[in-house]
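Trainee: Below you will find the structure I want to go over with you.
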Amino acid sequence: MAIILLGLLFHFIGSFSSASFYLPYRSVRLWSWENFWLLGGLFSWLIAPWLAIFLTIPGFAFILETAERATLGWTYFFGVLWGIGGLTFGLAMRYIGLSLGMSIIMGLTSALGALMPPLFNDLFGREDGLRLSQMLLSRGGQMVLLGVLGSLIGIVLCGLAGMRKEREVDLATKQSAVREFNMKKGIAVALVSGCLSACFSYGINAGKPLALAAVSQGANSLFMNNLTFAVIMLGGLTTNALWCLRLSLRRRSLGEFVNRNTPLLRNYLLCALGGLLWYLQFFFYGMGESRLHNPTSSWVLHMSFIILISNIWGVCLGEWRGTAPQTRRTLLLGIVVIIAAIGLVGFGSADH
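Going by my numbering, the letters in the sequence shown line up with residues 6 to 357, in that order.
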């Protein structure tokens, strides 16, 4: 049980990083969105992951040289799709804020990312990963699936609270918390982001041989997923860099990076902090998964903790200011249901 609790702690730390990464970006001044998103992405998708594998994966160059091209190709491809999800994620935060945006995106990502890999393993007869049929036949697996369902119910409640907020709060109040508030745009990009962000989970599944090879090369099992993460994130960087550079060139905003009329040092440091926080979610996610030994449990716990923490941040930042007591109670009920679901997943993982 101590190992399970350690896994829960790692997931909580990673989720706290994920739910908090956008806060430094909110303080960037006089830079366009595409520029601070690109700079933060260089830290989160290139610098931090490759520094991590240099420090934690001995012989990583040999692993990459000898890995099957299909393994690297699929892992990178899912990273490209996840990158589109990450790109639209940033837009969702921009239009509807942390609380509602996180609830919608992480709800979809939680369900699809948790259930599709074991279903894929069943459909294609893969024996080297968790299978949905195995989960259905064991008490622990059933508890995990029940926790997934509970998590989704909690996420729906948070989403309902967000819809009520839209009806109750005037535009000026919304924009005081989210400067570019736009519900229609925000919901649309959040749905796209939620579906495609789940591709990170598919990338982990596709890159499993890289993690096993890392352990065989002497890597600590705590860090076995770091190489897989780096390949996925190269795909994410490709998507985001191309889109952000396109916007910067079209809007002629690249000069902001050297414009002395902007707080350059402050902006660079804030982007570095936001990017590092974004990466740390996966660094600690990998550590948590290595202790739970259940990818479905890990994915649901990670997403549920993110929703929980982001809604707390949303309350602290005034995103729910001006809402009716019933709306806030609905939000609180959703958070409580998510916490209960986290407990079910944790106990199910210990028994599975």
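Think of the CB as a built atom: it goes at the ideal place given N, C-alpha and C, for glycine as much as any other residue.
Please report the residue range of the alpha helix (DSSP H) in which ALA7 lies.
Mentor: For the purposes of this step, residue 7 is identified with residue 2 of the sequence shown, where counting begins at 1. Looking at the DSSP string, the run of the alpha helix (DSSP H) that includes ALA7 is 7-25.
Trainee: Leaving aside the five residues before and after ALA97 along the sequence, list all residues of the same chain whose C-beta is less than 8 Å from its C-beta, in chain order.
Mentor: Start at 1 with the first residue of the sequence shown, and residue 97 comes out as number 92. Counting only Cβ-Cβ distances below 8 Å, and skipping sequence neighbours, we find GLY106, ILE109, ILE110, GLY191, VAL194, ALA195, SER198.
Trainee: Count the other CB atoms, across all protein chains shown, that sit within 10 Å of the CB of GLN286; report buried if there are 16 or more and exposed otherwise.
Mentor: The residue given as residue 286 occupies position 281 in the sequence shown. Burial call: buried.
Trainee: So is ALA209 buried or exposed if we call it buried at 16+ other beta carbons inside 10 Å?
Mentor: What you label residue 209 is simply residue 204 of the sequence shown in a count that begins at 1. The sequence as given places Ile at residue 209; Ala does not occur at that position. So ILE209 ends up on the buried side.
Trainee: Considering only residues of the same chain and omitting the five flanking positions on each side of SER22, which have a CB-CB separation below 6 Å?
Mentor: Position 17 of the sequence shown, counted from the first residue, corresponds to residue 22. Same-chain partners within the cutoff: LEU282, LEU285, GLN286.
Trainee: LEU274 lies in the alpha helix (DSSP H); which residues open and close that run?
Mentor: Translated into the one-based positions of the sequence shown, residue 274 becomes position 269. Note, LEU274: alpha helix (DSSP H), 269-297.
Trainee: Helix, strand or coil: how does DSSP classify MET121 here?
Mentor: Taking the sequence shown and counting its residues from 1, the one referred to as residue 121 is at position 116. In this structure, MET121 counts as helix in the three-state DSSP scheme.
Trainee: Going by other Cβ atoms of all chains shown within 10 Å of its Cβ, with 16 needed for buried, is PHE330 buried or exposed?
Mentor: Residue 330 sits at position 325 when you count from the first residue of the sequence shown. Per the sequence shown, the amino acid found at residue 330 is Pro instead of Phe. Exposed, by the Cβ-count rule.
Trainee: If you reduce the DSSP assignment to three classes, tell me which class VAL153 lands in.
Mentor: Translated into the one-based positions of the sequence shown, residue 153 becomes position 148. Three-state result, VAL153: helix.
Trainee: Could you give the residue range of the alpha helix (DSSP H) that holds ARG256?
Mentor: Position 251 of the sequence shown, counted from the start, is the residue given in the question as residue 256. Start and end: 231-256.
Trainee: Buried or exposed, going by whether 16 or more other CB atoms sit within 10 Å of the CB of LYS189?
Mentor: Here residue 189 corresponds to residue number 184 of the sequence shown, with the count starting at 1. Exposed, since its Cβ has fewer than 16 Cβ neighbours within 10 Å.
Trainee: Helix, strand or coil for GLN147? Go by DSSP, reduced to three states.
Mentor: As a position in the sequence shown, residue 147 is number 142, starting the count at 1. Looking at GLN147 - three-state DSSP - the assignment turns out to be helix.
Trainee: If you reduce the DSSP assignment to three classes, tell me which class LEU196 lands in.
Mentor: As a first step, residue 196 must be located in the sequence shown, where it is residue number 191. In the structure shown, LEU196 sits in a helix (DSSP, three-state: H, G or I).
Trainee: Cutting at 8 Å between CB atoms, please list the residues of its own chain near GLY327, excluding the five before and the five after it.
Mentor: Along the sequence shown, read from residue 1 onward, the residue named residue 327 stands at position 322. Closer than 8 Å at the Cβ level, and outside the excluded window around GLY327, lie GLU173, VAL174, ASP175, THR178.
Trainee: Please tell me whether TRP36 and GLU324 are closer than 8 Å, where the distance is taken between their beta carbons.
Mentor: Indexing the sequence shown from 1 puts residue 36 at position 31. Indexing the sequence shown from 1 puts residue 324 at position 319. Against a cut-off of 8 Å, the Cβ pair of GLU324 and TRP36 comes out as no contact.
Trainee: First and last residue of the alpha helix (DSSP H) that includes TRP304?
Mentor: Within the sequence shown, residue 304 is the residue found at index 299, counting from 1. 300-321 is the extent of the alpha helix (DSSP H) around TRP304.
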